[in-house]
Amino acid sequence: MLVGPLELPPRAQLLERYAALVERGVSARLSLEPSLESRRWQQLPIDASKVITAIDAAPRGEPSTALVPLVRAMRTTDIAGGVRILCAGDQLAIDFCHGLGEVALVHLILDVLLGAVDPRDPDLLAPYRNRLSPLVRAGLQTFGTSPRRVAAVLAEYRQRATRSVTDLPPDQVREPFRPAATTGVVGLPSAAVAELRERRDASLPGVSLVALSTQALWEAFTDTDLAVDDSVTIPFDVRRYLRAGTSTLSPFTAGLDYILGAGDGPRQLQADMDRSARSGRPVANLLMGTVKTRLGRRRAVADVHPVRPRMRLLHSNVGTPERSGRWPFTDPRSGYMLVASDPAGPEGVTVTSAAMSGNLWLTAEFHGSVFDPDQVETALGTVADRMYDLTSGGHSRLAACQNRPLPR
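Counting with the working numbering, you get residues 1404 to 1811 for the letters of the sequence shown.
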């Protein structure tokens, strides 16, 4: 995750703030050592000076995404806690283990580092101190108060989308999987986003930008020479099923699959998403996924892929991350958050969208050894026009402003 352009505090102050958050104990999760082998994670001493590294700003003309592989490379260092932070000029990059948490945890870390909240505030972690497991509470809140949802979820599972491609036949040519993390970015400026919202409200009332941009992404990739699966994955934040005033910093999302291409575009996708949310399917998915993980039924990452891979798109939306409204951007109008999330496997392409200062940023993470980076970049470059066409049916007038260049 990369954020900028920021007026960053001195490293000494960042270290002090991070250490103060670590001192809050397991509620802040930063002193935990993630493990796939045990349900009881160790609590370890954390040295903030090994977590936060400061380097010189990138040379003029170098893309901001250059920091992504640099912070990712810090994974090889011996850092307890699974969090690595890199500061370079007016940019801050965070790489973290998703076993510790997701967007909620990173929001908290950024709020603390950037001085938006006081890590010693006794009420800061109050929503995250749960006597009962948040997942159990979400299950009780969802299905205990409305047994009809059980029937609705079962009906959804009977009709749910299944991937159009199964395992490769034995005679299908395969290639060894060589990981090669690659990042692509497209940015829509606030003027374009505002116009899209207006047209969306007029032509597709009730359709979210998530549904609209997911459809646009799928169409953009489908219209290239790339093979694309008909099924897309959209993560749901299960925190919406917790009672007000309670939350969790731990991973708490469920990825649901939907079939695109055969329905009424973003309108149909939104209807399917709304039906899933009403039924409580995200809670059921997370419950089943947690049980499978604890039983040791984890899916191994494939070590091969077909010569002609079939892209599996996952679109995650992190909303408007600057919830406190007090991050020290040097130029709020050009504020950005780029979220490069590891794809689930060789054929995965994870696109994460984030709204910042009215701008919309979509960051794609994939393996350049599996998919042609130029094709992916070309597809991303058409997303703004496709979103416009989906809301108007006419030729886009946003071409002149769609691909706002990243800050250098």
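For every residue, glycine included, the Cβ atom is placed at its ideal position computed from N, Cα and C.
Burial state of E1410 is exposed, judged by a 10 Å Cβ sphere holding fewer than 16 other Cβ atoms. The C-alpha of V1425 lies about 10 Å from the C-alpha of E1419. Taking C-beta atoms as the reference points, D1632 and M1714 count as a pair closer than 9 Å.
In the DSSP assignment, I1512 falls within the alpha helix (DSSP H) that extends over 1506-1516. P1724 counts as buried, since no fewer than 16 other beta carbons sit within 10 angstroms of its beta carbon.
Below 8 Å, too few C-beta pairs join the region 1668-1684 and the region 1584-1599 to call them touching: fewer than three. C-alpha of A1541 to C-alpha of E1578: approximately 42 Å in a straight line. The residue among L1615, Q1673, I1637 with its C-alpha nearest the C-alpha of N1688 is I1637.
With a contact defined as Cβ atoms closer than 8 Å, V1589 and L1783 qualify at about 4 Å. Here DSSP, grouped into helix, strand and coil, assigns G1692 to helix. Annotated as distal: V1509 and Y1739, with beta-carbon spacing of 9 Å or more. In summary, A1743 is buried, with 16 or more beta-carbon neighbours lying within 10 Å of its beta-carbon over all protein chains present. Of the candidates D1640, T1625, V1641, the residue whose Cα lies closest to the Cα of S1634 is T1625. In this structure R1670 is in contact with V1610, their Cβ atoms being roughly 6 Å apart against a cut-off of 8 Å. Beyond the five residues adjoining it in sequence on each side, S1438 comes within less than 7 Å, by CB distance, of W1444 in the same chain, given in chain order. Secondary structure of S1606 (DSSP, three-state): helix. The beta-bridge partner set that DSSP reports for G1751 consists of R1715. The alpha-carbon separation between P1408 and S1737 amounts to approximately 8 Å. The bridge partners DSSP lists for V1596 come to none.
By the Cβ test, the region 1490-1508 is in contact with the region 1641-1659, since at least three Cβ pairs between them sit closer than 8 Å. In the three-state reduction of the DSSP assignment, G1464 falls in the coil class, being assigned neither a helical nor a strand state.
L1538 sits in a helix when the DSSP states are folded into three classes.
The DSSP-derived three-state label of W1730 is coil.
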